[in-house]
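**Q** This structure is in structure tokens; I'll ask about it shortly.
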Amino acid sequence: MAEIIFQAAEFLAEGRPVMVLPDEEMLSTQAAADILSVSRQYLVRLVDAGELPAEMVGSHRRLRAADVAAFKAARDAKRNSALDRLTSLSEDVDGYALGNKPR
187 MAEIIFQAAE FLAEGRPVMV LPDEEMLSTQ AAADILSVSR QYLVRLVDAG ELPAEMVGSH
247 RRLRAADVAA FKAARDAKRN SALDRLTSLS EDVDGYALGN KPR
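Per this note's numbering: the sequence shown = residues 187 to 289.
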């Protein structure tokens, strides 16, 4: 518990938002989209494509907070891996050396 509070405090100090939700919390598509920083329509497309699980409650889609968090973690890991690879490629061609311009 102390680790969670410490990490939340670090995020807040960096100006990043912090949200605490129970894993079983059911979210609307708009709430899930807000957490993922995407549009609601894009989130609906992810659900319809089967990339993000959801349940229908009447005519509304509901997503488990745990599923949204897992999707976000996987997406962020993939994004960070791609950025690391791009950085490595740039370093390999001295893309960060001052005064050098890529040819």
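Cβ atoms here follow ideal geometry from the backbone N, Cα and C, with glycine treated the same way.
Being a predicted model, the structure only gives us computed values, none of them experimental.
1) Assuming ARG248 is part of the beta strand (DSSP E), what are its boundary residues?
2) Can you tell me whether LEU213 is helix, strand or coil according to DSSP?
3) What's the gap between the Cα of VAL254 and the Cα of ARG226?
4) Quick one: Cα of LEU238 to Cα of ASP262, how far?
5) My guess is that ALA240 and ARG247 are in contact by the Cβ rule of under 8 Å, so how many angstroms apart are they, rounded?
6) Note the first and the last residue of the continuous beta strand (DSSP E) segment covering GLU241.
7) Quick check: the Cα distance between ARG271 and LEU207, rounded to an integer number of angstroms?
**A** This is what the structure gives:
1) From DSSP, the beta strand (DSSP E) with ARG248 extends over 246-250.
2) When secondary structure is reduced to three states using DSSP, LEU213 falls in the strand class.
3) Note on geometry: alpha-carbon atoms of VAL254 and ARG226 lie some 13 Å from one another.
4) Rounded to whole angstroms, LEU238 to ASP262 spans 15 Å at the Cα level.
5) About 4 Å; that satisfies the 8 Å criterion.
6) Start and end: 241-243.
7) Whole-angstrom Cα-Cα distance: 33 Å.
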